[in-house]
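Colleague:
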Amino acid sequence: MFAKDSGLLQGTLELLVLKTLSWGPMHGYGIASWIESATGDVLRVEEGSLYPALYRMTRKGWIEAEWGTSENNRKAKFYRLTSEGRRQYRAQTSGWQRLASAVNQAIGTTRAPSWAR
Amino acid sequence: MRDEPSHPRRVRVFPSKPQAEVDDELAFHLEQRVRDYVARGMDPAAARAAALERFGDLHGVRSECTELLEADRRATRRRDWLDDLRQDLRFGVRSALRAPLFSLLAVVTLALGIGANAAIFGVVKSVLLDALP
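Protein sequence lines, in the order shown, are assigned to chains V and C.
Under our numbering, the first residue of the first sequence is numbered 1, with each subsequent residue one higher.
Under our numbering, the first residue of the second sequence is numbered 118, with each subsequent residue one higher.
#1: Figure out for me which residue from C:A168, C:D189, C:L169, C:H176 has the closest Cα to the Cα of G61 (chain V).
#2: Using the Cα positions of Y154 (chain C) and E64 (chain V), report the straight-line distance between them to the nearest angstrom.
#3: Pick from V:A76, V:W34, V:R80, V:E47: whose alpha carbon is nearest that of T58 (chain V)?
#4: Could you name the residues that DSSP lists as bridge partners for E66 (chain V)?
#5: Secondary structure at M159 (chain C), three-state DSSP: helix, strand or coil?
#6: Please list, in chain order, the chain C residues whose beta carbon lies closer than 7 angstroms to that of A76 (chain V).
#7: Kindly give me the distance between the Cβ atoms of C182 (chain C) and P25 (chain V), rounded to whole angstroms, as I take these residues to be in contact under 8 angstroms.
#8: Alpha carbon to alpha carbon, what distance is there between V103 (chain V) and Q136 (chain C)?
#9: Under 8 angstroms between the Cβ atoms of G173 (chain C) and G48 (chain V)?
#10: To be precise: take each residue of the stretch 39 to 54 of chain V, compare its Cβ to all Cβ atoms of chain C, and keep it if any distance is under 9 angstroms. Which residues remain?
#11: Does chain V have any CB closer than 8 angstroms to the CB of D200 (chain C)?
#12: Does any C-beta atom of chain C lie closer than 8 angstroms to the C-beta of R56 (chain V)?
#13: With distances taken between CB atoms, is the gap from Q28 (chain V) to E142 (chain C) smaller than 8 angstroms?
#14: Mind pulling the alpha helix (DSSP H) runs of 4 or more residues that sit fully within the stretch 136 to 208 of chain C?
#15: G28 (chain V) touches chain C at which residues, Cβ-Cβ below 7 angstroms?
#16: Listed from N- to C-terminal order along the chain, which residues in the stretch 168 to 181 of chain C have their beta-carbon within a distance smaller than 7 angstroms of any beta-carbon of chain V?
#17: The alpha helix (DSSP H) spanning E36 (chain V) covers which residue range?
#18: Identify, in the order they occur along the chain, each residue of the same chain with its Cβ nearer than 7 angstroms to the Cβ of A164 (chain C), setting aside the five sequence neighbours on each side.
#19: From the beta carbon of D189 (chain C), is the nearest beta carbon of chain V less than 8 angstroms away?
In structure tokens:
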């Protein structure tokens with residue numbers, strides 16, 4: 001997911017990770033799987049790039065990691081949102097929605113500007 | 118799929134090496150992906166290859182994650198050290214203020230001890246050391 005040439009911004013991946021973890025603690029594989037299915041498999045290039053993003057977000061204090069046991073009894077590293085992460089999630093969600101609706105509005109315009117008439 | 122960590126908040130007394138921790142985490146990911154492919158009817162070797170391909174640049178991710186984790190560990194250690202120092206200092210000052218007479222006694226004892234030592238050494242130096250040619 002999110003290969004360097006996929007044209008998707010690092011911030012988008014971070015927002016999607018925050019969204020995933022807002023449901024509860026999850027390991028990297030679960031996060032990747034959820035993002036892939038929730039975006040209709042559109043974002044399923046190079047899963048590996050998820051991990052550096054997770055480590056960066058840990059350093060920023062948005063998420064924290066701890067080792068637990070997965071559903072098939074395997075040792076796995078689970079990530080959870082911190083309170084700062086929850087705050088980031090809310091702020092970035094509304095920021096993204098404002099941006100998306102503004103761009104949508106612009107590219108959906110059918111009325112030509114006066115200089116093009 | 119609901120899998121909560123079964124040992125929440127367990128403190129790792131001896132944290133594993135960053136490289137080993139990253140390896141464990143990435144191995145878990147690949148293992149799950151292979152398991153998923155095999156469950157869908159792929160043969161294990163092909164599943165392994167497909168999982169690796171889907172993962173992308175394994176070596177690059179591995180070294181980048183290790184570096185990030187090492188930097189994080191260093192920052193945590195530094196922060197812990199400073200926190201400890203601050204806590205110890207505050208505790209020391211508070212204890213000293215709670216028993217002012219005892220603190221004064223300690224200070225006076227130290228002052229006399231150091232003063233007496235210096236005085237004796239002054240005498241010894243002039244009598245024994247300086248007298249030698």
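No residue lacks a Cβ here, since even glycine has one placed at the ideal position from N, Cα and C.
Modeller: Based on what the coordinates show:
#1: Here residue 61 (chain V) corresponds to residue number 61 of the first sequence, with the count starting at 1. Here the closest residue by C-alpha is C:D189.
#2: Along the second sequence, read from residue 1 onward, the residue named residue 154 (chain C) stands at position 37. Along the first sequence, read from residue 1 onward, the residue named residue 64 (chain V) stands at position 64. Roughly 29 angstroms between the two C-alpha positions.
#3: Translated into positions along the first sequence, residue 58 (chain V) becomes position 58. It is V:R80 whose Cα lies nearest to the Cα of T58 (chain V).
#4: In the first sequence, counting from the first residue as 1, residue 66 (chain V) sits at position 66. Paired residue(s): V:F78.
#5: Within the second sequence, numbered from 1, the residue matching residue 159 (chain C) stands at position 42. Reduced to three states, the DSSP call for M159 (chain C) is coil.
#6: Here residue 76 (chain V) refers to the residue found at position 76 of the first sequence. Residues of chain C passing the Cβ test: F145.
#7: If you number the second sequence from 1, residue 182 (chain C) lands on position 65. If you number the first sequence from 1, residue 25 (chain V) lands on position 25. C182 (chain C) to P25 (chain V), Cβ: 19 angstroms. No contact.
#8: As a first step, residue 136 (chain C) is located in the second sequence; it is residue number 19 there, counting from the start. As a first step, residue 103 (chain V) is located in the first sequence; it is residue number 103 there, counting from the start. Spanning the two alpha carbons is a distance of roughly 42 angstroms.
#9: Taking the second sequence and counting its residues from 1, the one referred to as residue 173 (chain C) is at position 56. Taking the first sequence and counting its residues from 1, the one referred to as residue 48 (chain V) is at position 48. The answer is yes: Cβ separation under 8 angstroms.
#10: Along the stretch 39 to 54 of chain V, going in chain order, the ones with a CB nearer than 9 angstroms to a CB of chain C are R44, V45, E46, E47, G48, S49, L50, Y51, P52, L54.
#11: The residue given as residue 200 (chain C) occupies position 83 in the second sequence. For D200 (chain C), the answer is no, since every Cβ of chain V falls outside 8 angstroms of its Cβ.
#12: As a working note, residue 56 (chain V) is residue 56 in the first sequence. Yes, R56 (chain V) counts as interfacial toward chain C.
#13: Looking up residue 28 (chain V) in the first sequence gives position 28. Looking up residue 142 (chain C) in the second sequence gives position 25. According to the sequence displayed, residue 28 (chain V) carries Gly and not Gln. Yes, the pair counts as a contact, with Cβ atoms nearer than the cut-off.
#14: 161 to 172
#15: Indexing the first sequence from 1 puts residue 28 (chain V) at position 28. Under the 7 angstroms cutoff, chain C gives E142, H146.
#16: R171, F172, G173, D174, L175, V178, E181
#17: The residue labelled residue 36 (chain V) in the question sits at position 36 within the first sequence. Run containing E36 (chain V): 28 to 38, per the alpha helix (DSSP H) assignment.
#18: Taking the second sequence and counting its residues from 1, the one referred to as residue 164 (chain C) is at position 47. Once the five neighbours on either side are set aside, the close Cβ partners of A164 (chain C) are V151, Y154, V155.
#19: One-based indexing of the second sequence puts residue 189 (chain C) at position 72. Interface residue, yes.
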